[in-house]
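Colleague:
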Amino acid sequence: MTIRLDEAEQLAMKGGKKLIQKLESRSKKKYTETVKTLRKNERRLKELLFQSEEDQKNQQRMQELLERLQIKMKTYKRQVEEAEEQANVNLAKYRKTVHELDDAEERADIAESALTKIRTKNRGSFGKGYSSGYSTPYAGLVRSPSSVGSEGRGEKITDDDESLSSLIPTYLNSMKKLMID
Numbered sequence: 001m002t003i004r005l006d007e008a009e010q011l012a013m014k015g016g017k018k019l020i021q022k023l024e025s026r027s028k029k030k031y032t033e034t035v036k037t038l039r040k041n042e043r044r045l046k047e048l049l050f051q052s053e054e055d056q057k058n059q060q061r062m063q064e065l066l067e068r069l070q071i072k073m074k075t076y077k078r079q080v081e082e083a084e085e086q087a088n089v090n091l092a093k094y095r096k097t098v099h100e101l102d103d104a105e106e107r108a109d110i111a112e113s114a115l116t117k118i119r120t121k122n123r124g125s126f127g128k129g130y131s132s133g134y135s136t137p138y139a140g141l142v143r144s145p146s147s148v149g150s151e152g153r154g155e156k157i158t159d160d161d162e163s164l165s166s167l168i169p170t171y172l173n174s175m176k177k178l179m180i181d
């Protein structure tokens, strides 16, 4: 029986050794797998940290870009407002100049009809004692449109009809130049 007992013990020890070896093998295998998983997770963590840093840098760049664009937008808005103001000022100047031109043309028409009346009178009174052909003793003064308004307070005009006729177009040309300037 002791032999059997010894054999049983040896068998149990062999079985125990095999079991221990098997368990150690499993433990080593699990340890190796755990180390692999740990390294894989560490790599993944590093990748995620790197990606997070890159995302943060991109976000910072985008924020800076947004701020620059907002500054540009404010500048453009201010420029648009200034351009609109300038356009309104120019439009007002244009309307004023057109109004002044209309007034000047009206005064020129009045002056032209007055000149025509004077010429008609002169033709009728030619030879009645005035050598200049004017029906007034103040031959050098004639009412005409001038810078003082529609009263035309006596601008000096030469005596010949040709220079009198050229005054109106000259006056209109000077008004057109004013509009262009």
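By the count of the UniProt record's numbering, the sequence shown reaches residue 181 at its end, each step adding exactly one. Idealized CB from N, CA, C, for every residue including glycine. All values derive from a computational prediction rather than experimental measurement.
Just verifying my parser: in three-state terms, what is the DSSP assignment at M1?
Modeller: Here residue 1 refers to the residue found at position 1 of the sequence shown. Of the three classes helix, strand and coil, the one that applies to M1 here is coil, per DSSP.
Colleague: Going by other Cβ atoms of all chains shown within 10 Å of its Cβ, with 16 needed for buried, is S147 buried or exposed?
Modeller: Taking the first residue of the sequence shown as 1, we reach residue 147 at position 147. Here S147 scores only 43 on pLDDT, less than 50, and its place in the model should not be relied on; the value that follows carries that caveat. It is exposed - the Cβ of S147 has fewer than 16 other Cβ atoms within 10 Å.
Colleague: On the CB-based measure, 16 or more other CB atoms within 10 Å of its CB, does M62 come out buried or exposed?
Modeller: Taking the first residue of the sequence shown as position 1, residue 62 is located at position 62. The residue in question, M62, is exposed, as its Cβ has fewer than 16 Cβ neighbours within 10 Å.
Colleague: With 16 as the cutoff for other CB atoms within 10 Å, does A111 come out buried or exposed?
Modeller: For the purposes of this step, residue 111 is taken as residue 111 along the sequence shown, with counting starting at 1. Buried, because 16 or more other Cβ atoms sit within 10 Å of the Cβ of A111.
Colleague: Distance check for R107 and M175, CA to CA, integer angstroms please.
Modeller: Here residue 175 corresponds to residue number 175 of the sequence shown, with the count starting at 1. Here residue 107 corresponds to residue number 107 of the sequence shown, with the count starting at 1. Roughly 12 Å between the two C-alpha positions.
Colleague: Could you compute how far the alpha carbon of Y94 sits from the alpha carbon of T170?
Modeller: The residue labelled residue 94 in the question sits at position 94 within the sequence shown. The residue labelled residue 170 in the question sits at position 170 within the sequence shown. Going by the C-alpha atoms only, they are around 21 Å apart.
Colleague: Quick one: is L115 buried, meaning 16 or more other Cβ sit within 10 Å of its Cβ, or exposed?
Modeller: For the purposes of this step, residue 115 is identified with residue 115 of the sequence shown, where counting begins at 1. Buried, by the Cβ-count rule.
Colleague: Measuring only the C-alpha atoms, how far is L48 from E84?
Modeller: By one-based count along the sequence shown, residue 48 stands at place 48. By one-based count along the sequence shown, residue 84 stands at place 84. Taking the straight line from one Cα to the other gives about 52 Å.
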